[in-house]
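What follows is a set of notes on a single structure, which appears directly below.
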Ligand code: ADP
Ligand code: MG
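Residue numbers (our numbering): 21 to 379.
As structure tokens, then:
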């Protein structure tokens, strides 16, 4: 059944949005701490709660009033931007008591266009536009496709969440986060995250039962926090468990600083017999991987072939063209000193040229 887009619907949307923002404010502020000034959640919470008592006679008038209140109370760049979204939607919806699905699509599209104009921002800039634009596009496409409003809003909410998630690898080109340049990559944009929550609230407003359940408070995941740069790891693949283990011990012992990079042996078969095991190599690569890449040093024959076959599935892993013991020691020393993947590989391969007799 299609929910009527009447005053009750938009009231439910604003109540739901306010509830979700209040619950997720610490999370949104944490996101802003990583690439901004740690106020996004607090800003939105202040704005939405201060607008929660507003009333009006039509959906358009209600959105316009709340939008004006957000502009005045949110503070921060997001205040006027979210204020514009709601005011523009309110204006386009006009005085209709019940909004047609296609009219809501026009209002969303106009609102996103206003944000883009005001913020001079486009998709890919790592802002709220990266969530709002796909949401508006998905809603319009679904309605044109003949879907009912609940399904179209569901599609919009999914597109907004996907769009927000897709800001993680982007470099910010607008707002405070852009001051960080390259360092803004690897983090979710707070305004895109809150926009996805607001579009999701619009979908949830179609069903009072969805609005009755509070969301779990989110926490910033560990991988979203700045990572300590790891060192290049080393994996030693020999036909013999004893040779791999002893060479790893030797390589670590010869690291002058006493603080060796990870060195993981992968010797023999799982039952200890002579041979090469892809499973043991995979396990060793996982153990040695700190995110900076892994160099594999192997002895001969099937060890080389097994590793070469595994390389495509082991992203960031390289095989060193070097003798086993000498290469392992050289690679361990360079990796422990903090050398990057290319440096560790070069050090290992240099070991091939060590002469044991001069002349
Ligand atoms: P401030 O950055 O002033 O502290 P907030 O922390 O409340 O404001 O909001 C930050 C969010 O605002 C960003 O994550 C981004 O999504 C959005 N934003 C900032 N500048 C722009 C812009 N020029 N265009 C679109 N969105 C922007
Ligand atoms: Mg901020």
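Backbone N, C-alpha and C define an ideal beta-carbon position, used for all residues, glycine too.
The structure displayed is predicted, hence computed values, not measured ones.
(request) Please list, in chain order, all residues of the same chain as residue 48 whose beta carbon is under 7 Å from its beta carbon, the five residues on each side excluded. (result) Here residue 48 refers to the residue found at position 28 when the chain shown is read from its first residue. Once the five neighbours on either side are set aside, the close Cβ partners of residue 48 are 60, 61, 64, 210, 213, 214.
(request) Given a cut-off of 9 Å, decide if residue 86 and residue 74 are closer than it, judged by their beta-carbon atoms. (result) The count along the chain shown starts at 1 and reaches residue 74 at position 54. The count along the chain shown starts at 1 and reaches residue 86 at position 66. Cβ atoms of residue 74 and residue 86: closer than 9 Å.
(request) Give a yes or no on contact between the segment 125-134 and the segment 181-199, applying the rule of three or more CB pairs nearer than 8 Å. (result) no
(message) Comparing C-alpha positions only, which one of 251, 226, 318 sits nearest to residue 171?
(response) Residue 171 sits at position 151 when you count from the first residue of the chain shown. Residue 171 has its Cα closest to that of 226, out of 251, 226, 318.
(request) Could you name the residues of the same chain whose beta carbon sits closer than 8 Å to that of residue 332, not counting the 5 residues immediately before and after it, in chain order? (result) Translated into positions along the chain shown, residue 332 becomes position 312. If we look at residue 332 and ignore the five residues flanking it on each side, it has no Cβ neighbours.
(request) Could you give the DSSP three-state label for residue 55: helix, strand or coil? (result) As a first step, residue 55 must be located in the chain shown, where it is residue number 35. Three-state DSSP puts residue 55 in a helix.
(message) Rounded to whole angstroms, what is the Cα-Cα separation between residue 17 and residue 217?
(response) The chain is shown only over 21 to 379; residue 17 falls outside these bounds and no answer can be derived.
(message) According to DSSP, simplified to helix, strand and coil, what is residue 339?
(response) Along the chain shown, one-based indexing puts residue 339 at 319. Reduced to three states, the DSSP call for residue 339 is strand.
(message) Looking at the strands, I want to know which residues DSSP matches up with residue 231.
(response) If you number the chain shown from 1, residue 231 lands on position 211. Its beta-bridge partners do not exist; DSSP assigns none.
(message) Rounded to the nearest angstrom, what separates residue 135 and residue 335 at their Cα positions?
(response) Translated into the one-based positions of the chain shown, residue 135 becomes position 115. Translated into the one-based positions of the chain shown, residue 335 becomes position 315. Cα-Cα distance, rounded: 39 Å.
(message) Considering just the uninterrupted stretch of the beta strand (DSSP E) at residue 315, what are its terminal residues?
(response) Indexing the chain shown from 1 puts residue 315 at position 295. First-last of the beta strand (DSSP E) with residue 315: 314-318.
(message) Output needed for residue 183: all residues of its chain with C-beta closer than 6 Å, excluding positions within five of it in sequence on either side, in chain order.
(response) Numbered from its first residue, the chain shown carries residue 183 at position 163. Excluding positions up to five away in sequence, the list reads 150, 151, 154.
(message) What residue range does the beta strand (DSSP E) around residue 368 cover?
(response) On the chain shown, residue 368 is found 348 positions in, with the first residue counted as 1. It is not in any beta strand (DSSP E) - residue 368 instead sits in the alpha helix (DSSP H) that spans 361-370.
(message) Could you compute how far the alpha carbon of residue 238 sits from the alpha carbon of residue 276?
(response) For this step, residue 238 is matched to residue 218 along the chain shown. For this step, residue 276 is matched to residue 256 along the chain shown. Looking at the two C-alpha atoms, the distance is approximately 44 Å.
(message) For residue 219, list the residues DSSP reports as bridge partners.
(response) For the purposes of this step, residue 219 is identified with residue 199 of the chain shown, where counting begins at 1. DSSP lists no partner for residue 219.
(request) Verify whether the separation of the beta carbon atoms of residue 90 and residue 103 is less than 9 Å. (result) Residue numbering aside, residue 90 sits at position 70 when the chain shown is read from its first letter. Residue numbering aside, residue 103 sits at position 83 when the chain shown is read from its first letter. Yes, these two residues count as a Cβ contact at 9 Å.
(message) Is residue 66 near the ligand MG - that is, is its Cβ less than 8 Å away from at least one heavy atom of it?
(response) Counting from one through the chain shown, the residue named residue 66 turns up at place 46. The answer is no for residue 66.
(request) Return yes when the C-beta of residue 145 is under 8 Å from any heavy atom of the ligand ADP, and no when it is not. (result) In the chain shown, the residue the question calls residue 145 occupies position 125. Yes, the Cβ of residue 145 comes within 8 Å of a heavy atom of the ligand ADP.
(request) Tell me where the beta strand (DSSP E) around residue 287 begins and ends. (result) The residue you call residue 287 lines up with position 267 of the chain shown. Looking at the DSSP string, the run of the beta strand (DSSP E) that includes residue 287 is 283-287.
(request) Buried or exposed for residue 294, please, with buried defined as at least 16 other CB atoms from any protein chain shown within 10 angstroms of its CB. (result) As a first step, residue 294 must be located in the chain shown, where it is residue number 274. With fewer than 16 Cβ atoms within 10 Å of its Cβ, residue 294 is classed as exposed.
(request) Can you give me the Cβ contacts of residue 283 inside the same chain, cut-off strictly under 6 Å, excluding the 5 residues immediately before and after it? (result) In the chain shown, residue 283 corresponds to position 263, counting from 1. Counting only Cβ-Cβ distances below 6 Å, and skipping sequence neighbours, we find 254, 268, 271, 272, 352.
(request) Confirm, please, whether the CB-CB distance from residue 280 to residue 355 is below 9 Å. (result) One-based indexing of the chain shown puts residue 355 at position 335. One-based indexing of the chain shown puts residue 280 at position 260. The answer is yes: Cβ separation under 9 Å.
(request) Look up residue 254 in the DSSP assignment and say whether it is helix, strand or coil. (result) In the chain shown, residue 254 corresponds to position 234, counting from 1. Of the three classes helix, strand and coil, the one that applies to residue 254 here is strand, per DSSP.
(message) Given this structure, state the Cα-to-Cα distance separating residue 39 from residue 68, to the nearest angstrom.
(response) Position 19 of the chain shown, counting from 1, holds the residue named residue 39. Position 48 of the chain shown, counting from 1, holds the residue named residue 68. Rounded to whole angstroms, residue 39 to residue 68 spans 9 Å at the Cα level.
(request) Taking 9 Å as the cut-off, decide whether the C-beta atoms of residue 158 and residue 175 are in contact. (result) Translated into positions along the chain shown, residue 158 becomes position 138. Translated into positions along the chain shown, residue 175 becomes position 155. A contact, by the Cβ cut-off of 9 Å.
(message) Is residue 63 near the ligand MG - that is, is its Cβ less than 8 Å away from at least one heavy atom of it?
(response) Taking the chain shown and counting its residues from 1, the one referred to as residue 63 is at position 43. Because some heavy atom of the ligand MG lies under 8 Å away, the Cβ of residue 63 counts as near it: yes.
(request) Please classify residue 164: is it buried, with 16 or more other beta-carbons within 10 angstroms of its beta-carbon, or exposed? (result) Counting from 1 along the chain shown, the entry for residue 164 is found at position 144. It counts as exposed.
(message) By the DSSP assignment, the alpha helix (DSSP H) with residue 182 in it spans what residues?
(response) For the purposes of this step, residue 182 is taken as the residue at position 162 of the chain shown. That run of the alpha helix (DSSP H) goes 169-185.
(request) Provide the residue(s) that pair with residue 25 in DSSP beta bridges, ordered along the chain. (result) Here residue 25 refers to the residue found at position 5 when the chain shown is read from its first residue. For residue 25, which the question treats as bridged, DSSP gives the partners 119.
(message) At a cut-off of 8 Å, would you count residue 98 as near the ligand ADP, judging by its Cβ distance to the nearest heavy atom?
(response) Reading the chain shown from its first residue, position 78 is the one you call residue 98. Indeed, a heavy atom of the ligand ADP lies less than 8 Å from the Cβ.
(request) Report the residue from 196, 240, 304 whose alpha carbon sits nearest the alpha carbon of residue 44. (result) Translated into positions along the chain shown, residue 44 becomes position 24. Looking at the Cα atoms, 240 is the closest of the given residues.
(request) Report yes if the C-beta of residue 59 is less than 8 Å from at least one heavy atom of the ligand ADP; otherwise report no. (result) Walking along the chain shown from the start, residue 59 turns up at place 39. Yes, the beta carbon of residue 59 sits closer than 8 Å to at least one heavy atom of the ligand ADP.
(request) Check whether the Cβ atoms of residue 83 and residue 29 lie closer than 9 Å to each other. (result) In the chain shown, residue 83 corresponds to position 63, counting from 1. In the chain shown, residue 29 corresponds to position 9, counting from 1. Their beta carbons are not under 9 Å apart, which means residue 83 does not touch residue 29 by this criterion.
(message) Going residue by residue through the segment 61-143, where are the continuous alpha helix (DSSP H) segments of at least 4 residues, counting only ones entirely within it?
(response) 79-93, 98-113, 121-139
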